[in-house]
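Remarks on the structure that follows.
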Amino acid sequence: MEQNFKNDIFEKDISIEEFDHITDGVEDHVFSERYLTRKESIMNDAKKAKISKLGTKVAAAAAVVALAAPFAVNAATGGELFGKLWGNSGKDTVESHTAIMFEEGKTNDDGSPVTYEAVLPRIEYVEADPEVAARLIDDKMTTEPVTCSVGDTTITVESVVRDGIGIVAAYTIEKEGGVDCLNYSQLDNESRGAWFSEDTTIVFGFEEGTGKIWVDLENSTEDKLYCYEYMCDNSLLYGNAPITDHVTLKTCEYTMKVSEITNVSKEDAAQYIKSANDYVIPVADKLDTKMFTSDNGSVEISPVSMVWDSTGGTEIKGETLGSDTTLKITYNDGTEYLVFDANTNSTGYVCGTDTGFIALFNRLVDTDNIAKITVNGIDFYA
77 MEQNFKNDIF EKDISIEEFD HITDGVEDHV FSERYLTRKE SIMNDAKKAK
127 ISKLGTKVAA AAAVVALAAP FAVNAATGGE LFGKLWGNSG KDTVESHTAI
177 MFEEGKTNDD GSPVTYEAVL PRIEYVEADP EVAARLIDDK MTTEPVTCSV
227 GDTTITVESV VRDGIGIVAA YTIEKEGGVD CLNYSQLDNE SRGAWFSEDT
277 TIVFGFEEGT GKIWVDLENS TEDKLYCYEY MCDNSLLYGN APITDHVTLK
327 TCEYTMKVSE ITNVSKEDAA QYIKSANDYV IPVADKLDTK MFTSDNGSVE
377 ISPVSMVWDS TGGTEIKGET LGSDTTLKIT YNDGTEYLVF DANTNSTGYV
427 CGTDTGFIAL FNRLVDTDNI AKITVNGIDF YA
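Take 77 as the starting number for the sequence shown in the numbering used here and just add one per residue.
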């Protein structure tokens, strides 16, 4: 059966309070009910660990947030940081195509995985201009690495930028003998992003964000993955407290495989938690945003993300969004950035809200030069 990968992508996410990387905002045929149920159980059990005899270790980074000029940050990464986060470094534009996808957690009677044919949308990447990036990001990107350990796996958060709408983080995952906590591939990058392996005993995630992990397949090795995560700010999705001066990377290690936790009652699961730690990642001030309005609500936008709120609008509502929703940004010189439509999804991540949606861009948007933003044919102006 052929399925359109964008179906229901704008449905409101169901809150999994602690480090939810992958949510119901993406299609049910990609994330099975069994997977989501298991994930919610895992996260709830990790939360319980906070009040168990294990306690929670907090590894706080330096109190002073280390900042560097964007040019210096980009140079320190071989000129590729901006290109990896918001450009075409290691990324090729992908035309819409069909692909055989695995239904996670489901098997046929003979034990083989359940598969289905999905239509993946076109994804366009463009080159990042370092001068424009420096102007747009200014001094709002943190650059002091924070190293976190969970089991025999090391996670190093290298940079974070946020705007009160979305969060973008760059980090590495290392393990001698091979990183085995995530499943990842080109198809995963095109669709749901990397996801936790059923055989792993560890889970981790940012408490403040919900989104998608893109793995740099060009530079990653068996022992070290370069990851870029695009997240919606949970203060908008779920009413969490706004980010102030840090984000929190939550980690949990079990004494059994994650896939086996579902066979244990929630009351007993805490005893299988080996460690549950919080790592504080300092962040800089949030990026500035601009407001665009129309008779159908408003758009708040920064260079890295935007939120459309249809509250008070009279024509279309967020809850009716579907695979045919169109978002386009038109610049003063007439050029356009087609963010998504029925056949395109040039985003880092996108999810629905009660009254609209949040989109993380796969390129930097020059907010100083926007002529208009168009949602389903309705124009929004500053």
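Built from N, CA and C at the ideal position, the CB exists for glycine as well.
Computed from a predicted model, the values in this text were never measured in an experiment.
For residue 421, the secondary structure class from DSSP, reduced to helix, strand or coil, is strand. Residues of the same chain with a CB within less than 8 Å of the CB of residue 446, apart from the 5 flanking positions on each side, are 366, 368, 377, 405, 406, 407, 408 and 458 in chain order. According to the DSSP secondary-structure assignment, residue 281 is paired through a beta bridge with 326. Counting of Cβ neighbours within 10 angstroms places residue 193 among the exposed residues, the total staying below 16. For residue 310, the enclosing alpha helix (DSSP H) has its first and last residue at 310-313.
Counting only runs of 4 or more residues that sit fully inside the segment 192-250, the alpha helix (DSSP H) segments are 206-213, in chain order. Distance between residue 166 and residue 245, taken at the CA atoms: about 17 Å. Close CB contacts of residue 156 within its chain, under the 7 Å cut and outside five residues either way in sequence, are with 165 (chain order).
By the neighbour-count criterion, in which 16 or more other beta carbons inside 10 Å mark a residue as buried, residue 207 falls on the exposed side. Contact check for residue 333 against residue 276 passes: the beta carbons are separated by less than 8 Å. With a beta-carbon spacing of about 6 Å, residue 308 and residue 285 fall inside the 8 Å limit used to define contacts. Within 10 angstroms of the beta-carbon of residue 305 lie 16 or more other beta-carbons, which makes it buried. A contact between stretches requires three or more CB pairs, one per stretch, nearer than 8 Å, and the segment 344-363 fails this requirement with the segment 291-304. Remark: C-beta atoms of residue 381 and residue 215 do not approach each other more closely than 8 Å. For residue 188, the number of other beta carbons within 10 angstroms of its own is below 16, and it is reported as exposed.
Here DSSP, grouped into helix, strand and coil, assigns residue 363 to coil. Remark: C-beta atoms of residue 355 and residue 325 approach each other more closely than 8 Å. The straight-line gap separating the alpha-carbon atoms of residue 266 and residue 372 is approximately 31 Å. Closest by C-alpha distance to residue 168, out of 449, 271 and 262, is 262. About 6 Å separates the Cβ atoms of residue 327 and residue 224, confirming a contact at the 8 Å cut-off.
Between the beta-carbon of residue 212 and that of residue 403 there is about 19 Å, and that puts the pair past the 8 Å contact cut. A direct Cα-Cα distance of roughly 32 Å separates residue 320 from residue 251.
Per DSSP, the beta bridge partners of residue 271 are 259.
As the crow flies, the alpha-carbon of residue 419 is around 16 Å from that of residue 425. Looking at the backbone, the Cα of residue 173 and that of residue 353 are separated by about 41 Å. Assignment of beta-bridge partners to residue 376 by DSSP yields 367 and 383.
The three-state secondary structure of residue 264, taken from DSSP, is helix. By the 16-neighbour rule on beta-carbons within 10 angstroms, residue 176 is exposed. Around the beta carbon of residue 387, a 10 Å sphere encloses fewer than 16 other beta carbons of the protein chains shown; the residue is thus reported as exposed. Taking the Cα of residue 159 as reference, the smallest distance to any Cα among 186, 210, 178 and 170 is reached at 210. A straight-line Cα-Cα distance of about 11 Å links residue 401 and residue 432. Under the DSSP definition of a beta bridge, residue 305 partners with 245 and 289.
When DSSP states are grouped into helix, strand and coil, residue 346 belongs to the helix group.
Our two residues, residue 236 and residue 415, have alpha carbons roughly 23 Å apart in a direct line. According to DSSP, residue 435 shares a beta bridge with 382 and 426. For residue 454, same chain residues with a beta-carbon under 6 Å away, outside a window of 5 residues either side, are 370 and 372 in chain order.
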